[in-house]
Amino acid sequence: MPKPSIFSNNYDKQMKRRRRIIIMIIVAIVIVLGVIVSGAFKKLSSRNKSSNKENINKNVETNESKKADDTKKVIPNKDQNNNKNYTVKLSNGTEIKLLYNIVNNEKEYIKVEPKDIKYTISPSKKYICLVEKETQKMILFDTNGNQKDITKNEYVSSSGQSFTKDNILKSNPNYIWCKNPIFLNDDNIIYISQLPWFNKADTKYVWKYTISNNNYINNFDSVGEISGKDIQYGNLTQDGLEITVDGVEKKLTISK
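So the sequence shown is residues 86 to 341, counted in the working numbering.
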């Protein structure tokens, strides 16, 4: 914009007009710069907010991931650690669990699963004994879950004639070769059988198996032979096992 001549008659007016134009240009420049700066600030602020949001989301994801990891890594409590079991398969194909606890660094049996399995646990809780339903095998489990067949598989009569369990059960599936074992102590197991007779369908006898010498007897020093149609076990005390035979109470004492 040319500067007006000082010799012009309109010099003052032209100078005022010139100043107004300059001021308007300056104001316009300031406004434009303000808009540019404001836009840049908003863009930067938006980037910061987006970055913060991403960081927050990452933190949330990290926390959720940690929670998921913590859920997978469940630390079992002492009860879960102490309550253990052996899974074993019987000869008839039945799979059972022998549950035990760790007490003073030693295993103690507590029960057998499933619940329909009949069993007995020794006083020290170191052994389990049970009879398989179909085969009538009497099985002994030690503290490591090892099983041993302790069935009296053969009976020899006084005349020397041999009768095997499998042959008798094959000819008479209802015959009771052995059932209802119960520990008298850690070395002796009492059970019920129809032995030594095969022609007395209603009569049952009490037998004892000794683990240490693998011996079977049905005639006891304290009470002699115990037989009857209905034999029920009573309390097991320090003195022996209470047995009710056809309504009559007897006590099978433990040899000292």
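Using N, Cα and C, we set each Cβ at its ideal position, and we do this for glycine too. Bear in mind the structure is a predicted one, so any value in this text is a computation, not a measurement.
Review point. Pick from Ser247, Leu225, Phe305, Asn231: whose alpha carbon is nearest that of Thr338?
Key: Phe305
Exercise for review: Work out the CA separation of Ser209 and Ile187 for me, nearest whole Å.
Suggested key: 13 Å
Check your understanding: Is the region 175-190 touching the region 204-220, taking contact as three or more C-beta pairs under 8 Å?
Key -> yes
Exercise for review: Tell whether a beta-carbon distance below 8 Å holds between Thr228 and Lys192.
Suggested key: yes
Review point. Which residues share a DSSP beta bridge with Phe268?
Key: Ile274
Exercise for review: May I have the straight-line CA-CA distance separating Leu184 from Ser244, to the nearest angstrom?
Suggested key: 45 Å
Check your understanding: Tell me which same chain residues have a C-beta within less than 8 Å of the C-beta of Asn273, skipping the five on either side of it?
Key -> Lys293, Tyr294, Thr295, Ile296, Ile339
Exercise for review: Find the nearest neighbour of Asn284 within the set Tyr301, Leu269, Ile302, Tyr260, judged by alpha-carbon distance.
Suggested key: Tyr260
Check your understanding: What does DSSP give as the partner residues of Thr338 in its beta bridges?
Key -> Gly325
Point to revise | N- and C-terminal bounds of the beta strand (DSSP E) containing Ile253 | key: First-last for Ile253: 250-256, but that is the alpha helix (DSSP H), not the beta strand (DSSP E).
Check your understanding: Gln232 to Lys222, Cα distance in whole Å?
Key -> 12 Å
Point to revise | Local conformation of Leu183 per DSSP, three classes | key: strand
Practice item. Helix, strand or coil for Leu280, going by three-state DSSP, please let me know. Key: coil
Practice item. Since I believe Tyr290 is in contact with Ser307 (beta carbons under 8 Å), could you give me their beta-carbon distance rounded to a whole number of angstroms? Key: That pair is no contact at about 16 Å.
Check your understanding: Rounded C-beta distance between Leu326 and Ile275? I'm assuming under 8 Å.
Key -> 6 Å
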